[in-house]
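With the numbering used here, the residue at position 121 of the sequence shown is 131, and numbering never jumps.
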Amino acid sequence: MSFIDGIKAKARKDVKTIVLPESEDERTLRATAKILEEKTANLILIGNEETVKADAKKYGVNIEGVQIIDPNTSDKLDEYVNTLYELRKAKGMTEELARKTLLEDNTTFGVMMLKTGSADGLVSGACHSTANTLRPALQILRTAPGAKLVSGFFIMDVPNCEYGHNGTFVFADCGLNQDPDSESLAAIAHDAAKSFESLVGAPAKVAFLSHSTKGSAKHALVDKVVSAVEIAHEQYPDLVCDGELQLDAAIVPSVAASKAPGSPVAGQANVLIFPNLDGGNVGYKLVQRLAKAEAYGPMLQGIAKPVNDLSRGCSWEDIVGVVALTAVQAQITK
């Protein structure tokens, strides 16, 4: 069974309700039809019902059974307006602005459904930026208890790969924090390890990546990673981690034996922490395109309820996978 097939099987055991606010996108509707067929989630599409059904017919997909909610006619609109106003009035929110936002921004309306318990998770980003997805989530849901920051990760499932956990890795942060400091890197590593263990179901072994292995290069960029490892050991003593490690030393046993002998992680890493967003974004796209890996994400961690982003270059199949992952996250965080 592939990684994503295992996730879908978990999702079917306790079906959750996931909101898809981008009902105007063809990929969303194609994904909706597949998700309904596979029964991995109950879905709510946000949009005009007549338009959504006409588009589904145009694309030749069957979305019968999906719930479609139009903010303009929703009986929850007044409740959501009042809730958003109360949450944000100290930041200048007015009731008029709250109503305008909810009517014009489907993602905000969807996040409000999570806030009030009408849904369990949300997936967006196929045709909107990460900021459009993240902003209402942070403003309305806030960070999870104990979380120091919100960060992004990808689950990378590499075919015919002997490294990681049967070819499966978590890469972080590849989509959100541009240049995290050492303390932020340590927190990202901690959260990424929890995400790996909850979704992949195997012990996390975390490598802090660098262009240096164990002092082979001297630079401020290396110092940042070394400091992050020290902080991680101090603040998260149960986290199995090491660094700084070059990528080959992190995942290839023979290279690890030469470059980092005695490391508890080198040659076995399945959670890769990139020093900045440049490295993370380039790294996941290289693996996705050249190694033909399935890349699920960017998933978000550290938010009070499951909200996940999509790459604007995603396929409808990617949306199907991220919805299943979001449903499993919702099972864990209920």
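In this text, a Cβ means the ideal position worked out from N, Cα and C, and glycines have one as well.
Cutoff 7 Å; reference residue i; Cβ partners in own chain excluding five residues on either side
i      : result
Val297 : Met166, Val168, Ala303
Ile329 : Arg37, Thr38, Ala41, Val133, Ala136, Leu320
Ala227 : His221
Ser194 : Leu159, Asn187
Ala214 : Ala203, Phe206, Glu207, Val250, Asn280, Val281
Ala21  : Thr50, Ala51, Ala334, Ala337, Val338
Leu113 : Pro81, Asn82
8 Å contact criterion, which residue i and residue j should meet: CB distance rounded
i      : j      : result
Asn142 : Thr111 : With a Cβ gap of about 12 Å, Asn142 and Thr111 do not count as contacting.
Leu94  : Ile56  : The pair is not a contact, with the Cβ atoms about 15 Å apart (cut-off 8 Å).
Phe218 : Val180 : Incorrect: roughly 13 Å between the Cβ atoms, too far for contact.
Gln311 : Asp201 : 5 Å
Gly307 : Phe164 : 4 Å
Ala334 : Ile14  : 7 Å
Ser33  : Val62  : 5 Å
Pro274 : Lys234 : Rounded, the Cβ-Cβ distance is 21 Å, inconsistent with contact.
Ala51  : Ala337 : 5 Å
Ile73  : Ala66  : 5 Å
Ala182 : Ile79  : Actually they are not in contact, since the Cβ atoms of Ala182 and Ile79 sit about 33 Å apart, beyond 8 Å.
Lys315 : Leu124 : 5 Å
Identity of the residue in the options nearest residue i by Cα
i      : options                        : result
Ser222 : Lys215, Leu231, Ala279, Ala214 : Leu231
Gly131 : Ala305, Leu53, Ala276, Ala227  : Leu53
Ser139 : Ile150, Lys125, Cys324         : Cys324
Ser134 : Lys23, Ile28, Met11, Gln245    : Ile28
Leu46  : Val250, Asp258, Pro31, Gln77   : Gln77
Pro81  : Ala337, Glu74, Met103, Pro31   : Pro31
Val216 : Ala242, Ser268, Ile342, Asp85  : Ala242
Arg145 : Asn280, Arg98, Ser264, Leu257  : Arg98
Lys269 : Glu193, Lys224, Leu300         : Lys224
Gln341 : Leu209, Lys67, Leu300          : Leu209
Glu244 : Gly102, Met103, Ala196         : Ala196
Gly289 : Glu48, Cys184, Trp326          : Cys184
Lys44  : Val332, Gly102, Lys295, Thr153 : Val332
Asn291 : Arg152, Glu105, Gly162, Gln256 : Gly162
Ile198 : Arg152, His229, Tyr173, Tyr246 : Tyr246
Gly272 : Asp252, Gln256, Leu257         : Asp252
Where the alpha helix (DSSP H) containing residue i begins and where it ends
i      : result
Asn92  : 87 to 98
Pro146 : 140 to 146
Ser194 : 192 to 210
Glu327 : 326 to 343
Ile150 : Run containing Ile150: none; DSSP gives neither H nor E here.
Gly289 : 287 to 300
Met123 : 116 to 125
Lys101 : Where Lys101 is concerned, there is no enclosing alpha helix (DSSP H), given that its DSSP letter is neither H nor E.
Thr223 : Looking at the DSSP string, Thr223 is not in any alpha helix (DSSP H), and its letter there is neither H nor E.
Ser264 : 263 to 269
Nonlocal neighbours in the same chain, by C-beta distance under 8 Å from residue i, ignoring five residues either side
i      : result
Asp35  : Ala136, Cys137
Arg109 : Leu87, Val91
Gly75  : Leu46
Residues bridged to residue i [DSSP beta-bridge criterion]
i      : result
Cys251 : Val216
Val29  : Ile54, Leu132
Val317 : Leu132
Met309 : Phe163
Glu304 : Asp167
His175 : Thr178
Same chain, Cβ closer than 6 Å to residue i, five either side skipped, listed in chain order
i      : result
Val236 : Glu254
Gly177 : Val168, Cys171
Ala212 : His175
Ala147 : Val121, Ile313, Val317
Ala266 : Ala259, Ala276, Gly277
Gly238 : Sequence check: residue 238 is Ala here, not Gly. Taken in chain order, the residues that qualify are Ser192, Leu195, Ala196, Phe218.
Span of the beta strand (DSSP E), counted from its first residue to its last, around residue i
i      : result
Gln77  : 77 to 79
Leu282 : 281 to 283
Ile165 : 161 to 167
Thr178 : 178 to 182
beta-carbon residue i near the ligand NAD non-hydrogen atom, thresh 8 Å
i      : result
Gln149 : The ligand NAD is not part of this structure, which contains no ligands at all.
Proximity test, Cβ basis, 9 Å: residue i and chain D
i      : result
Arg152 : In the structure shown, chain D does not exist; there is a single protein chain.
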